[in-house]
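Peer 1: First to last, the sequence lines map onto chains B and P. Take 1 as the starting number for the first sequence in this note's numbering and just add one per residue. Take 485 as the starting number for the second sequence in this note's numbering and just add one per residue. Note that the Cβ used here is the ideal one computed from N, Cα and C, for glycine as well.
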Amino acid sequence: MTETLDELARRLEEALPPGAVITDPVRLRTYECDGLTHHRAVPGVVVLPESAEQIAAVVRLCGEYGVPFVARGAGTGLSGGALPRTDGVLVVTSKMRRILAVDLANRRAVVEPGVTNLAITEAVREHGYYYAPDPSSQQVCTIGGNVAENSGGAHCLKYGFTVNHVLALEIVTPDGEIVTLDADDPGYDLLGAFVGSEGTLGITTKVTVRLSRAPQAVTTLLAAFKDIEQGGQAVSAIIGGGVVPAAIEMMDALAIEAAEAAVACAYPRGAGAVLIVELDGPAAEVAHQFAEVERVCLDSGAFELRTAAGPEERAAIWKGRKSAFAAVGRISPAYIVQDGVVPRTALPEVLASIDRLSAEHGIRVANVFHAGDGNLHPLVLFDDAEPGAGERAELVSGRILDLCIEHGGSITGEHGVGVDKSRYMPKMFTDDDLDTMQLVRCAFDSRGLSNPGKIFPTPRLCGEVPGVRKGVHPLVESGRAEQF
Amino acid sequence: MDPELIDDCVHCGFCLPTCPTYVLWGEEMDSPRGRIHLMKQHVEGTPLTDEMAGHFDACLGCMACVTACPSGVRYDKLIEQTRAEVEREHVREPSDRALRELVFQLFPYPRRLRAMRLPLRLSAGLRRRIAPGLERVNPSLAAMADLAPERPSRVRLPRRVEAVGRRRATVGMLTGCVQGEFFPQVNAATARVLAMEGCEVVIPPAQGCCGALPLHSGRPEQAVRFARRTVAVFERAGVDTIVVNAAGCGSTMKEYAEIFEGIGDGEWAGRARAIRAVDLAEYLAELGPAARRHPLPLAVAYHDACHLAHAQGVRSQPRELLAAIPGLELREIAESSICCGSAGTYNLFQPEAARELGDRKAGRVLATRADLLVSANPGCTMQITSAIRRSGAAPIPVAHTAQVLDASLRGLEKVA
Ligand SMILES: Cc1cc2nc3c(=O)[nH]c(=O)nc-3n(C[C@H](O)[C@H](O)[C@H](O)COP(=O)(O)OP(=O)(O)OC[C@H]3O[C@@H](n4cnc5c(N)ncnc54)[C@H](O)[C@@H]3O)c2cc1C
Ligand code: SF4
Ligand code: SF4
Numbered sequence: 001m002t003e004t005l006d007e008l009a010r011r012l013e014e015a016l017p018p019g020a021v022i023t024d025p026v027r028l029r030t031y032e033c034d035g036l037t038h039h040r041a042v043p044g045v046v047v048l049p050e051s052a053e054q055i056a057a058v059v060r061l062c063g064e065y066g067v068p069f070v071a072r073g074a075g076t077g078l079s080g081g082a083l084p085r086t087d088g089v090l091v092v093t094s095k096m097r098r099i100l101a102v103d104l105a106n107r108r109a110v111v112e113p114g115v116t117n118l119a120i121t122e123a124v125r126e127h128g129y130y131y132a133p134d135p136s137s138q139q140v141c142t143i144g145g146n147v148a149e150n151s152g153g154a155h156c157l158k159y160g161f162t163v164n165h166v167l168a169l170e171i172v173t174p175d176g177e178i179v180t181l182d183a184d185d186p187g188y189d190l191l192g193a194f195v196g197s198e199g200t201l202g203i204t205t206k207v208t209v210r211l212s213r214a215p216q217a218v219t220t221l222l223a224a225f226k227d228i229e230q231g232g233q234a235v236s237a238i239i240g241g242g243v244v245p246a247a248i249e250m251m252d253a254l255a256i257e258a259a260e261a262a263v264a265c266a267y268p269r270g271a272g273a274v275l276i277v278e279l280d281g282p283a284a285e286v287a288h289q290f291a292e293v294e295r296v297c298l299d300s301g302a303f304e305l306r307t308a309a310g311p312e313e314r315a316a317i318w319k320g321r322k323s324a325f326a327a328v329g330r331i332s333p334a335y336i337v338q339d340g341v342v343p344r345t346a347l348p349e350v351l352a353s354i355d356r357l358s359a360e361h362g363i364r365v366a367n368v369f370h371a372g373d374g375n376l377h378p379l380v381l382f383d384d385a386e387p388g389a390g391e392r393a394e395l396v397s398g399r400i401l402d403l404c405i406e407h408g409g410s411i412t413g414e415h416g417v418g419v420d421k422s423r424y425m426p427k428m429f430t431d432d433d434l435d436t437m438q439l440v441r442c443a444f445d446s447r448g449l450s451n452p453g454k455i456f457p458t459p460r461l462c463g464e465v466p467g468v469r470k471g472v473h474p475l476v477e478s479g480r481a482e483q484f
Numbered sequence: 485m486d487p488e489l490i491d492d493c494v495h496c497g498f499c500l501p502t503c504p505t506y507v508l509w510g511e512e513m514d515s516p517r518g519r520i521h522l523m524k525q526h527v528e529g530t531p532l533t534d535e536m537a538g539h540f541d542a543c544l545g546c547m548a549c550v551t552a553c554p555s556g557v558r559y560d561k562l563i564e565q566t567r568a569e570v571e572r573e574h575v576r577e578p579s580d581r582a583l584r585e586l587v588f589q590l591f592p593y594p595r596r597l598r599a600m601r602l603p604l605r606l607s608a609g610l611r612r613r614i615a616p617g618l619e620r621v622n623p624s625l626a627a628m629a630d631l632a633p634e635r636p637s638r639v640r641l642p643r644r645v646e647a648v649g650r651r652r653a654t655v656g657m658l659t660g661c662v663q664g665e666f667f668p669q670v671n672a673a674t675a676r677v678l679a680m681e682g683c684e685v686v687i688p689p690a691q692g693c694c695g696a697l698p699l700h701s702g703r704p705e706q707a708v709r710f711a712r713r714t715v716a717v718f719e720r721a722g723v724d725t726i727v728v729n730a731a732g733c734g735s736t737m738k739e740y741a742e743i744f745e746g747i748g749d750g751e752w753a754g755r756a757r758a759i760r761a762v763d764l765a766e767y768l769a770e771l772g773p774a775a776r777r778h779p780l781p782l783a784v785a786y787h788d789a790c791h792l793a794h795a796q797g798v799r800s801q802p803r804e805l806l807a808a809i810p811g812l813e814l815r816e817i818a819e820s821s822i823c824c825g826s827a828g829t830y831n832l833f834q835p836e837a838a839r840e841l842g843d844r845k846a847g848r849v850l851a852t853r854a855d856l857l858v859s860a861n862p863g864c865t866m867q868i869t870s871a872i873r874r875s876g877a878a879p880i881p882v883a884h885t886a887q888v889l890d891a892s893l894r895g896l897e898k899v900a
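1. If the cut is a Cβ gap below 7 Å, which residues of chain B does P:V494 touch?
2. Kindly examine ligand 1 and report whether one of its heavy atoms sits closer than 7 Å to the Cβ of B:I203.
3. Per DSSP, which one or two residues make a beta bridge with B:I411?
4. Consider the C-beta atom of B:I400 and the heavy atoms of ligand 2; say whether any pair is separated by less than 7 Å.
5. Buried or exposed: where does B:S94 fall if 16 or more other Cβ atoms within 10 Å of its Cβ makes it buried?
6. Are the Cβ atoms of P:G842 and P:G825 separated by less than 8 Å?
7. Taking 8 Å as the threshold (beta carbon to beta carbon), is P:Q525 in contact with chain B?
8. Taking buried to mean at least 16 other C-beta atoms within 10 Å of its own C-beta, is B:H288 buried or exposed?
9. What residues in its chain sit with their C-beta under 6 Å from that of P:E770, if we drop five residues either side in the sequence?
10. Residues in the same chain with beta-carbon distance under 6 Å from B:T208, minus the five sequence neighbours each way, listed in chain order, please.
11. Please work out which residues of its chain come closer than 8 Å, Cβ to Cβ, to P:A599, disregarding the five sequence neighbours upstream and downstream, and give them in chain order.
12. Looking at the secondary structure, which residues open and close the beta strand (DSSP E) in which P:S735 lies?
13. Residues of chain P with CB under 8 Å from B:C33, in chain order?
14. Run through chain B and tell me which residues come within less than 9 Å of P:G556, C-beta to C-beta.
15. Mind checking the region 357–385 of chain B against chain P and listing, in chain order, the residues whose C-beta falls within less than 7 Å of any C-beta there?
16. Kindly list the residues whose CB is nearer than 6 Å to the CB of P:C496, restricted to its own chain and excluding five residues on each side of it in sequence; keep chain order.
17. Would the beta-carbon of P:Y559 be found less than 7 Å away from any heavy atom of ligand 3?
18. For B:G310 and chain P, any beta-carbon pair shorter than 8 Å?
19. Give the interface partners of B:Q139 over in chain P, defined as CB-CB distance under 8 Å, in chain order.
20. Is there at least one non-hydrogen atom of ligand 1 closer than 7 Å to the beta-carbon of P:C549?
21. For my contact list, P:V723 and P:H787 are in at a C-beta cut-off of 8 Å; report their separation, rounded to the angstrom.
22. Any beta carbon of chain B sitting closer than 8 Å to that of P:H521?
23. Determine the direct distance from the alpha carbon of P:E511 to that of B:V274, and round the result to whole angstroms.
24. To the nearest angstrom, report how far apart P:R760 and P:A731 are at their CA atoms.
25. State the Cα-Cα distance for the pair P:Q834 and P:E535, rounded to the nearest angstrom.
26. So which residues on chain P does B:P268 lean against when the C-beta distance must stay under 8 Å?
27. Taking only the alpha-carbon atoms, compute the straight-line gap between B:V365 and B:P333 and give it to the nearest angstrom.
28. Contact criterion: CB-CB distance below 8 Å. Does B:G242 meet it with respect to chain P?
29. Quick one: grab the DSSP three-state call for P:D763.
30. In the DSSP assignment, the alpha helix (DSSP H) including B:K158 goes from what residue to what residue?
31. Is P:M547 close to chain B? Criterion is C-beta to C-beta, closer than 8 Å.
32. Need the endpoints of the beta strand (DSSP E) that P:V798 sits in, please.
33. Note down the Cα distance separating P:A542 from P:F718, rounded to an integer number of angstroms.
34. Skipping 5 residues on each side, what residues in its chain have a beta carbon closer than 6 Å to that of B:G35?
35. Does the beta-carbon of P:P501, which I'm using as the reference point, lie nearer than 7 Å to any heavy atom of ligand 2?
36. From the DSSP output, in three-state form, read off P:R611 for me.
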């Protein structure tokens, strides 16, 4: 540890409860990565605060010493967003997991940032409510992480992402001030800007979430197809026909194999692809749509259809899908989870290209995706013991993102940019776009201490003129923006 | 510590919310993912520091992480290897060492254990540390449901109990060290239930500890010795199925073959494989009911013992057996998959964490407002009753699944 960090650690110890500052190297190392393990950095100091005031104190101290800080929830992020700084402080919210208030009349709950996504639903389920965004990692990931990543899940097709379910945030700004951002505030939608900012605009200390009424009826259908093309065709036909399912998920043969190995989900034998379609809403509407979906699946070539009769059977159908990411660990020593978006109509073409890439480089790719909105999660499998395999997998994984961009999609659907994808940002955005984003960032974090090095390819201090351009930024010049 | 087993972990964190120590403290180092990371650090050359050993010692070995892990990480194997490594490499504080020595020289030996039930003759310091553990032993016996008739101070089990009616099977029965000494009435109930369901029950008298205690505490040599003796005893008794009513013993006995293989002892692995260890509830569910169930009008909360639910995957069978009793209403305990903090010797070595977990569990149990708590593990029973007593709430009677079935089969009406 450097002298600055040493001294900072001492000051942090004064400001925080006993045991809340970690400096032991062995302990520090357990925080070296999040769910994306090939980016690692041992944090300079880890703190485990228990309140917004404590976080504000930490942030202010970091400011005083000019030391960067990174927020971390459960560390399940898949883009290295919570990758620590060796010269900085990692602020972990895992001790802040109280549900502060549940207001059913106004359908909202106020929770601390370390509360898990699923814990919110569990707290209100008995009253017929739930928290709608449902990332597959929902039992683990924190709401603070969800806000930072604007996380989504299988049911976001119909209900939207985190941003649609957060009503207000209490944050500690990079200057160490505690402020509230409310969706009802007049003026700029600062709440909207903060959601998805990956910890670069400050640290969330309190989240007010919208609670949704559990639907009257839910029907879940599993359709097995010979191949992925037929499945893709069914997806297009369902949505083209005007039905908006709560969820519509697809898995290919390799992903099914992994899920079978992990949780014995007993999907129909011989399926080259399975489609999970969930319909919810008023009973009559669901019944009507169900008939439609069933017909479309059969028309598209489904060879077996299963309908869940109750919650247990529904859970059985979802079990394979929900465990798919982690389950590939059973069929491959190592893997990369990719996350990209393509227009739904381009799905078949992109999948065929992924197949070709896979064959060309001798790297297996398992496909799991939120088919309704074209959010792909290719799982790129490799053996890390085999020399060169890791690089080939990286290449394939990167080429998949290129495919997404080529087809007018996006380099991330829900896992965020983090460190992992910052280098792809210039492929998707022009320099002007990126500079404009920098200006937003600088408005919040003028010294660049809040999770620096994430999202943007080349970290810049806000005083510096962005890009290769010399002189005044065009936005500043035109009087549309101010530079800090 | 096997690097390949370590590498199976993909760092997804799905195990975090089920880990009791993470639930308590919210720190990465005291989560399964963090502990696996520490193991990795050690394998890669980081010496076993006091801090590191502390985080391994704080693991309850409840195996909730094994149930939760979608990647099939064998944390059970990993922690077993790690504990052995800690015992080999780590130099403990003298008082800690003395306490461990005492426990390992005492608990696995029924005769010594019996002697200990009399006032302890120990150094004052040691007595202070071990006292809470002992103190809860006898009062918790008192708090047991008087499902069983008069509880004699010792129950002498016969070597053989004949099947009632047509004989459907012949099985061996493990008496266990803690179960046998502290809860002899559970063993008596187990034997009766099996007999009433048509089993001839063989109970070899010379059995001792099955090896679970030393195995889960990094003492593989002692564990292997006990495992051999247990296999030999039941071989001699001429049975190929051993019914086990203590969760911790059952999970270890199911691993016998693997343990012997681990030390390259193929012969004993083969002998172990020829004998099937099976949990009582698992066995009864498989066998199917033959005897008549009499009504027991009771609200019952069923507690999942970690070594049953997580280590053996036995969750539905005991619930089905209980729910099939006329008049009995089964209630679920919130957070049922989180350990009560008993975890074998854990409450002796990590009293604070054990206490916190015990209090948490007691709260969840009391919230069910059940008339009776059913727990299939002697350690859990002691732990939960003492936590409830500490909370000042009215004690809730605790019984083993076997005792409830016994009461129903015999048509006993006197139930607390
Ligand atoms: C198996 C698996 C499945 C997954 N499935 C999905 C899925 O279906 N959908 C999906 O969207 N994601 C998914 N994810 C990714 C991940 O779970 C989400 O990104 C989640 O929101 C991260 O939450 P976390 O608490 O783990 O955050 P972390 O990983 O700890 O942090 C993520 C980012 O949030 C920032 N952050 C965390 N807390 C705060 C805070 N209080 N204030 C400010 N910034 C903060 C961090 O700095 C970092 O940039 C999955 C991950 C895994 C391992
Ligand atoms: S065995 Fe139990 S206490 Fe130990 S790491 Fe696993 S879940 Fe945590
Ligand atoms: S759930 Fe399994 S793979 Fe995931 S972090 Fe825990 S042990 Fe590792």
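Peer 2: Straight from the coordinates:
1. A326 and G329
2. Because some heavy atom of ligand 1 lies under 7 Å away, the Cβ of B:I203 counts as near it: yes.
3. According to DSSP, B:I411 bridges with nothing at all.
4. no
5. buried
6. yes
7. yes
8. exposed
9. none
10. If we look at B:T208 and ignore the five residues flanking it on each side, its Cβ neighbours are R108, V110, L167 and A168.
11. Note that P:A599 scores 49 on pLDDT, short of 50, meaning its location in the model is unreliable; the coordinates nonetheless yield the value given after this. Counting only Cβ-Cβ distances below 8 Å, and skipping sequence neighbours, we find nothing.
12. Unbroken run through P:S735 is the alpha helix (DSSP H), A731 to K738; no beta strand (DSSP E).
13. Simply H495.
14. Result: A261, A262, A327, G329 and R330.
15. none
16. Cβ within range, chain order: n/a, list empty.
17. Here the distance from the Cβ of P:Y559 to the nearest heavy atom of ligand 3 is below 7 Å.
18. With 8 Å as the cut-off, B:G310 does not count as an interface residue toward chain P.
19. F498 and P501
20. no
21. P:V723 to P:H787, Cβ: 29 Å. No contact.
22. Closer than 8 Å to some Cβ of chain B, the Cβ of P:H521 qualifies, so yes.
23. In a straight line, the C-alpha of B:V274 is about 39 Å away from that of P:E511.
24. 15 Å
25. 15 Å
26. Within chain P, no residue comes near B:P268; the closest Cβ sits about 21 Å away, beyond 8 Å.
27. 13 Å
28. Closer than 8 Å: no.
29. strand
30. C156 to Y159
31. no
32. It is not in any beta strand (DSSP E) - P:V798 carries neither H nor E in the DSSP assignment.
33. 35 Å
34. Same-chain partners within the cutoff: T76, G77 and L78.
35. No, the Cβ of P:P501 stays beyond 7 Å of every heavy atom of ligand 2.
36. Its pLDDT being 40, under 50, P:R611 is placed unreliably by the model, and nothing is read from it.
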